[in-house]
Amino acid sequence: MSENAHFEVVIVGGGTAGMTVAAQLQAAPTPPASIALIEPSDTHYYQPIWTLVGAGVFDKEISARPMEEFIPDGVQWIHDAATSFDPENRTVDTAHGPRIGYDYLVVAPGLELDWEALPGLSDAIRDPQSGVVSNYAYEYCEGTWRAMQALRPGDHAVFTQPSTPIKCGGAPQKIMYLTADYLRKEGILDSVDVSFYSPGTVIFGVEKFARTLRKVVDRYGINVNLYSELVEVRADAREAVIRSTGGDGAAGEQVVQYDMLHVTPPQRAPDLVSESPLANQDGWVDVDAHTLQHVQYPNVFSLGDASGAPNAKTGAAVRKQAPVVVQNLLQVKEEGGLTRPKTYNGYSSCPLVTGYGKLVMAEFDYDNNPDPSFPFDTSQERYSMYALKAYALPQMYWNGMLKGRV
1385 MSENAHFEVV IVGGGTAGMT VAAQLQAAPT PPASIALIEP SDTHYYQPIW TLVGAGVFDK
1445 EISARPMEEF IPDGVQWIHD AATSFDPENR TVDTAHGPRI GYDYLVVAPG LELDWEALPG
1505 LSDAIRDPQS GVVSNYAYEY CEGTWRAMQA LRPGDHAVFT QPSTPIKCGG APQKIMYLTA
1565 DYLRKEGILD SVDVSFYSPG TVIFGVEKFA RTLRKVVDRY GINVNLYSEL VEVRADAREA
1625 VIRSTGGDGA AGEQVVQYDM LHVTPPQRAP DLVSESPLAN QDGWVDVDAH TLQHVQYPNV
1685 FSLGDASGAP NAKTGAAVRK QAPVVVQNLL QVKEEGGLTR PKTYNGYSSC PLVTGYGKLV
1745 MAEFDYDNNP DPSFPFDTSQ ERYSMYALKA YALPQMYWNG MLKGRV
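In my numbering, each residue carries its 1-based index in the sequence shown increased by 1384.
Here it is as structure tokens:
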């Protein structure tokens, strides 16, 4: 590549968001003259299946495929990491290659799992004897299944959620319900304590689905502790330090003994984004919530987990966001502005696995109003929705979304 490479469109990030946009742009009736995708990883992961990997349903290898299989024909893969943005000069710096110029930029690098944010967590998660597990990373998700199988009567299984934005806000609960259902099948659920600690004020933000989840919690006898956040892991003593933020009780800290501790790590925007001129005050890309166009730089768009749009961070959200970004970017390119913008309503979907063969399909918009895709009540537990998640959605992902088909 030349020292000062330039492309009409540069996409930063080869995850779900970046790859879907690349495929849809290239498939447009009049695609941009040149498209580059900057992505350092050799492997693309289908992350939603990690919940079922952690529950022993699948092997983790089914979630990984070579990145090169999904780079659209005609899109140049810059196999490098973006390191900084200069939107005034319309350039992106890379770690090992040249500075990349662009006319239009799509920012989709995802988010970072901040294992270091909690004292003791980064060491504990790497130690298979610590009892600390997480479905949030490819290298750790199989450890959850081993920890589930090791539970015995009298043990305590603890599940936590952080106060930061996270990928798939329902995932911390999914593995908890699957663990409880596994214990039920083993005949020891009544003799194992299962506890959930969340800084949230409710079990789920959309009441229609929360009603069902409260019944699920009662069915399994799960101890739900709201206004409560994990702040430290003491793996040597198998202790979790939980800080209460108040709510119905007094603020303070407590030490909870655990035998299995499933941690959803704090998550943040990559430094590439948070330290750039593109960031809002919280560190995410500062975009209009409906057009996904940057509020200051009209030739910049963002979607996926790095976007500052206030939607739930899920792959289903990307499925609705990508056509908005593609159509609006092409409109700006062809017409010089957004005279008739395509808009995004905040749609997201959280397939809430509530047990083996049971799933509540929570779909909702920015206002936490249900936004269903199916002509029946998806707030009820259904095997059909479980089968959709386990078997149909992965195929739709690999063969549909990543190929530019919504």
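Ideal Cβ positions, reconstructed from N, Cα and C, are used throughout, including at glycine.
Owing to the predicted nature of the structure, the values given are computational and were not obtained by experimental measurement.
Original post:
In the DSSP assignment, what are the bridge partners of I1484?
Top reply: V1476
**OP:** Could you check if V1639 is buried or exposed, using at least 16 other CB atoms within 10 Å of its CB as the buried criterion?
**Re:** exposed
Original post:
What three-state label does DSSP hand Y1604 in the structure shown?
Top reply: helix
Original post:
Taking the C-alpha atoms as reference points, what is the distance between L1772 and R1483?
Top reply: 43 Å
**OP:** Give the single residue among D1426, Y1486, Y1561 whose Cα lies nearest to the Cα of K1717.
**Re:** Y1486
**OP:** Go ahead and label G1636 buried or exposed: buried means 16 or more other beta carbons lie within 10 angstroms of its beta carbon, across all protein chains shown.
**Re:** exposed
Original post:
By DSSP, does T1738 sit in helix, in strand, or in coil?
Top reply: strand
**OP:** Within the segment 1662-1706, note down every full alpha helix (DSSP H) run reaching 4 residues or more, in order along the chain.
**Re:** none
Original post:
Using the C-alpha atoms, what's the distance from S1763 back to A1746?
Top reply: 7 Å
Subject >> Residue from N1783, V1490, R1627, L1656 with nearest C-alpha to V1710 >> reply: V1490
Subject >> Per DSSP, the bridge partner or partners of H1390 >> reply: G1485
Subject >> Limits of the unbroken beta strand (DSSP E) element including P1450 >> reply: 1448-1450
Original post:
Do the segment 1604-1623 and the segment 1499-1516 meet, that is, are 3 or more Cβ pairs less than 8 Å apart?
Top reply: yes
**OP:** Report yes if the CB atom of T1596 is closer than 7 Å to the CB atom of V1744, and no otherwise.
**Re:** yes
**OP:** Take A1465 and list the residues in its own chain whose beta-carbon comes closer than 7 Å to its own, dropping the five residues that flank it on each side.
**Re:** P1424, T1478, A1479
Original post:
Per DSSP, P1756 forms a beta bridge with which residues?
Top reply: Paired residue(s): none; P1756 is not in a bridge.
Original post:
Looking at the structure shown, is R1595 part of a helix, part of a strand, or coil, going by DSSP?
Top reply: helix
Original post:
First and last residue of the alpha helix (DSSP H) that includes G1438?
Top reply: 1434-1438
Original post:
If you run the structure through DSSP and keep just helix, strand and coil, what is Q1764?
Top reply: coil
**OP:** With DSSP collapsed to three states, give me the class of A1771.
**Re:** helix
Original post:
Going by alpha carbons, who is nearest to L1421 out of T1414, Q1408, P1432, E1526?
Top reply: Q1408
Subject >> Of the listed residues Q1557, S1547, R1536, nearest to G1571 (C-alpha basis) >> reply: R1536
Subject >> Three or more C-beta pairs below 8 Å linking the segment 1428-1435 and the segment 1529-1546 >> reply: no
Subject >> Burial state of E1496 (16 or more Cβ within 10 Å) >> reply: buried
Original post:
The alpha helix (DSSP H) spanning L1409 covers which residue range?
Top reply: 1400-1410
Subject >> Helix, strand or coil at Y1561 according to DSSP, with G and I counted as helix >> reply: helix
**OP:** Under 6 Å Cβ to Cβ from Y1767, same chain only, skipping five residues before and after it: list those, please.
**Re:** G1741
Subject >> For Y1750, the nearest candidate out of Q1680, V1737, E1765, S1732 (CA to CA) >> reply: S1732
**OP:** Would you check if the distance between the CB atom of S1692 and the CB atom of V1669 is smaller than 7 Å?
**Re:** The sequence given here has Gly at residue 1692, not Ser. Yes. Within cutoff.
Original post:
To the nearest angstrom, how far is it from the Cα of Q1545 to the Cα of A1389?
Top reply: 43 Å
Original post:
DSSP on Q1460, reduced to helix/strand/coil?
Top reply: strand
**OP:** Report the rounded CA-to-CA distance for G1788 versus T1698, giving the unit in angstroms.
**Re:** 18 Å
Subject >> Local conformation of T1414 per DSSP, three classes >> reply: coil
Original post:
Which first and last residues belong to the beta strand (DSSP E) in which I1422 is found?
Top reply: 1419-1422
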